[in-house]
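S.K.: Top line first, the protein sequences correspond to chains A and B.
Quick note on my numbering: the first sequence kicks off at 300 and runs consecutively.
Quick note on my numbering: the second sequence kicks off at 1181 and runs consecutively.
C-beta atoms are modelled at their ideal positions from N, C-alpha and C, and glycine is treated no differently.
Predicted, not measured: the structure shown is a model, and the values here were computed from it.
Encoded as structure tokens, here's the structure I'll be asking about.
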Amino acid sequence: MSADAVKAAGISQDRISTQLKGTSETSFRDLVKNYLSQVNDLQLKASGSIEDLALGKNVEIHQVMLAMEEADISLQLLLQIRNKLVESYQEVMRMQI
Amino acid sequence: MSLFSSFAVSAGGMDVERTRVEIIANNLANAQTTRTERGGPFRRQLLRTMARPAGYADGAFLGGGVEIKGIDEDPSPPRLIYDPSHPEANARGYVSLPNVNLVNEMVNLLVAGRVYEANITAFQEAKGMALKALEMGR
């Protein structure tokens, strides 16, 4: 969208930029935080069930393996997301202005 | 997340088969038990399972999996064996032995083990698909 078009629409550029900044910054940060806490929860669940098994509580081995696999896959997904984020950050930093 | 729900379905199947093996082990352990708390010989126990209702929600298939409904007793009559010297023999000299058939129990045991393995295979396949999907980003 060109600056003229924005002016024609009767919206000041300042407002648009602050709006974009405001919404995208908080929601993106919350998103990453949310992912992190979910992955962390799964890791804690897995280590909790390993502990229960080691303590001889009534836990099935396959339930422990299930918790571990869930934690592993979610961590792998988080790593992939992180790789993509770093990649796009570096891409932006390389940009010639 | 549908991936983790398919994991849960497989794990539920494994839970059921583990319980089945425990029940069969109990049947085998009591294959010669002539007395129980209620009186009479031990009766073979059977596991009753029920499919949880599956359905579609938000365009995704939600497998319900399986759950244990209860443990029943085999109503078939006890085996009668003539052994007048046995302390549990009745007035006519017959002993009531449990209605546990060793061959049946062994076959059920093998099937339970194979179904457990099949659940593990389904689990591994779902996991493999998830890891392959993550490779798309590499």
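Quick one, are the C-beta atoms of ASN1207/B and GLU1285/B less than 8 angstroms apart?
M.R.: Contact flag set, yes.
S.K.: Compare the C-alpha of PRO1278/B against each of GLY1193/B, GLU1197/B, PRO1255/B and GLY1250/B and name the closest.
M.R.: Out of GLY1193/B, GLU1197/B, PRO1255/B and GLY1250/B, PRO1255/B has the C-alpha closest to the C-alpha of PRO1278/B.
S.K.: Report, in whole angstroms, the separation of the C-beta atoms of LEU1289/B and ILE1203/B, which I expect to be a contact under 8 angstroms.
M.R.: LEU1289/B to ILE1203/B, Cβ: 10 angstroms. No contact.
S.K.: Does DSSP put LEU354/A in a helix, a strand or coil?
M.R.: Coil, per DSSP.
S.K.: Look up GLU1253/B in the DSSP assignment and give the residues it is bridged to.
M.R.: Looking at the DSSP assignment, GLU1253/B forms a beta bridge with GLN1225/B.
S.K.: Under 9 angstroms Cβ-Cβ, which residues of chain B neighbour LYS383/A?
M.R.: Simply GLY1317.
S.K.: So if DSSP puts SER1276/B in a beta bridge, which residue, or which two residues, is it bridged to?
M.R.: SER1276/B is bridged to LEU1260/B.
S.K.: From ARG1200/B to ALA1292/B, what does the alpha carbon distance come to, in whole angstroms?
M.R.: So the alpha carbons of these two residues sit roughly 7 angstroms apart.
S.K.: Use the C-beta contact count for LYS1126/B: other C-beta atoms within 10 angstroms, 16 or more gives buried, fewer gives exposed.
M.R.: Outside the shown range of chain B (1181 to 1318) lies residue 1126/B, about which nothing can therefore be said.
S.K.: Just to confirm my understanding: we take VAL1189/B, look at its own chain, exclude 5 residues before and 5 after, and list those with CB closer than 6 angstroms. What are they?
M.R.: Here the set comprises GLY1243 and GLY1245.
S.K.: Taking only three categories from DSSP, how would you classify GLU1247/B?
M.R.: Note: GLU1247/B maps to strand in three-state DSSP.
S.K.: From the beta carbon of GLU390/A, is the nearest beta carbon of chain B less than 8 angstroms away?
M.R.: No, its Cβ sits nowhere closer than 8 angstroms to a Cβ of chain B.
S.K.: Against ALA1292/B, what residues of chain A qualify as contacts under a CB-to-CB distance less than 8 angstroms, listed in chain order?
M.R.: Within 8 angstroms Cβ-Cβ: nothing; ALA1292/B doesn't reach chain A, min ~14 angstroms.
S.K.: Inspect the beta-carbon positions of GLU1297/B and ARG1215/B and report whether they are closer than 8 angstroms.
M.R.: The answer is no: Cβ separation not under 8 angstroms.
S.K.: Out of ASP1238/B, LEU1260/B and ASN1299/B, which has the shortest C-alpha to C-alpha gap to GLN1212/B?
M.R.: Nearest option by C-alpha distance: LEU1260/B.
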